[in-house]
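Residue numbers (this note's numbering): 2 to 468. The structure under discussion appears below in the form of structure tokens.
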Ligand code: NAD
């Protein structure tokens, strides 16, 4: 066969490139960059191998040691994570991000969350154990990137799974940074590499390929309605933690200063990007002015001309303008041509009616619509309308036990906070563990290690029963 010099050079180039690709592929396949891979195929393969090793060689106690190492290591990075998140996403407040990340570190349960049930009797002993699913695909949001990776990472490894993260593209840098530090901690503690993996460039296509991959046995989605619905259509076991629009009812029995302080704290933490934060205040008309005065005393600002704000934060099609999501109240006010009362003002209040566009959809910004109800019955109806069957969160301020109970029954949310800032429902200043994946649509609620398990029964007939 005749071959000229140019053709020969081309063939050599192609062969060298193919060899290079193969070497690169093998290198990152086996090593990754503390869990970061170039392709989804590599990320899933590495997570699968790591899970097999974890299940085969690590006892529950040894898994707990890995989790301890993850908590200790990531705690050293909290300030950096907070700063990186605000820089990358343009949302939230660094000091509040520190609180959220610490909450995930301190109050995400580990292996102690897993339960074994036993049934013993004449026929012997049966035990019901919580076993891993295998490889989980976790889709994480831009609004709480650090806490969600920490929280899901701990919970999923505690239940002996591995996880392929698909971080939101606009929070990929910080999400991958957090995941890498957690993986380093595991390796340094003697655990398997790649218990958490991700691709370098997460996109909607990588989400889709992860959702379809046979090696992935469970999808856990923390995000808006769109991605939750996509996961539910996938045909795989899916846990959906979707959007909310928490109403906050206030009746005439409250201590106004305390209720106002709680509302401003809960609604303004991290500039309202938490899905659990108060999104609309529903106050009895008889006390609304008094409540507003108390909120203003807590560094909120009543906006005389709500239209000025609406003009910038609502798009022509009625949707929320993403440019203002998670921005400081002072920035939003200034952008609307309104002078902020000070540069650290926490919340802008707009006194509007129930059909206002900021009432009927989650705003994720420190602009708080307040609507007035003529009595408690109407307030409850409004609350139900605002929550819109998200089954997410609701808050109430009242000293009337009948009111507290009646609204709980009507609203049916996963989280129901009484007389406290909304974040008490996440375990910050409230009892109970913490989670940043609140599975309302699929009903698992505040997720933890045991959420990510399969129940298995093991039966021994005619033995081990001592009764
Ligand atoms: P988002 O829905 O834009 O993105 C979440 C993730 O889904 C990202 O990783 C994104 O890349 C991916 N994604 C988005 N649309 C998709 C689609 N159609 N198909 C496949 N993947 C898709 O959410 P966000 O803006 O990052 O987060 C804010 C939303 O998430 C809010 O609605 C908030 O209430 C909700 N949220 C809920 C919880 C909860 O626990 N229930 C926690 C945090 C955030």
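Glycine residues also receive a C-beta, built at the ideal position from the N, C-alpha and C atoms.
Quiz item: In whole angstroms, what is the alpha-carbon distance linking residue 447 and residue 330?
Solution: 29 angstroms
Self-check item: Where the beta strand (DSSP E) containing residue 270 begins and where it ends
Solution: It is not in any beta strand (DSSP E) - residue 270 carries neither H nor E in the DSSP assignment.
Quiz prompt | Nonlocal neighbours in the same chain, by C-beta distance under 6 angstroms from residue 459, ignoring five residues either side | solution = 128
Exercise. Tell me residue 295's beta-bridge partners as DSSP assigns them.
Key: Answer by DSSP bridge pairing: none, since residue 295 is not bridged.
Quiz item: How many Å lie between residue 481 and residue 414 at the Cα?
Solution: Residue 481 is absent from the model: the chain starts at 2 and stops at 468.
Exercise. Please report the residue range of the alpha helix (DSSP H) in which residue 218 lies.
Key: Counting along the chain, residue 218 falls outside any alpha helix (DSSP H), though it belongs to the beta strand (DSSP E) covering 217 to 223.
Exercise. Would you mind sorting residue 28 into buried or exposed? The rule is 16 or more other CB atoms within 10 Å of its CB.
Key: Low confidence applies to residue 28: its pLDDT is 44, below 50, so where it sits in the model is not reliable, and the reading given next is rough at best. Residue 28 is exposed by the Cβ-count criterion.
Quiz item: Cα separation between residue 66 and residue 159?
Solution: 10 angstroms
Quiz item: If you compare alpha carbons, which of 100, 438, 422 and 286 is closest to residue 431?
Solution: 422
Exercise. Report the rounded CA-to-CA distance for residue 194 versus residue 108, giving the unit in angstroms.
Key: 25 angstroms
Quiz item: Distance, Cα to Cα, residue 92 vs residue 86?
Solution: 8 angstroms
Quiz item: Between residue 236 and residue 275, what straight-line distance do the alpha-carbon atoms span, to the nearest angstrom?
Solution: 29 angstroms
Quiz prompt | Sequence-distant residues of the same chain with beta carbon closer than 7 angstroms to residue 449, five excluded per side | solution = 110, 114, 156, 434 and 436
Quiz prompt | Residue range of the unbroken beta strand (DSSP E) whose run includes residue 396 | solution = 394 to 398
Self-check item: Residue interval of the alpha helix (DSSP H) (run including residue 81)
Solution: 79 to 90
Quiz item: Do you know how far the Cα of residue 420 is from the Cα of residue 288?
Solution: 16 angstroms
Self-check item: Limits of the beta strand (DSSP E) - the one that residue 167 falls within
Solution: 163 to 167
Practice problem: Put residue 283 into one of helix, strand or coil per three-state DSSP. | Solution: strand
Quiz prompt | Cβ of residue 374 within 7 angstroms of any chain E Cβ | solution = The structure shown contains no chain E; it is built from a single protein chain.
Quiz prompt | residue 375, buried or exposed, once every other Cβ within 10 Å from all chains shown has been counted against 16 | solution = exposed
Exercise. Can you grab the Cα-Cα spacing for the pair residue 305 / residue 366, in whole Å?
Key: 18 angstroms
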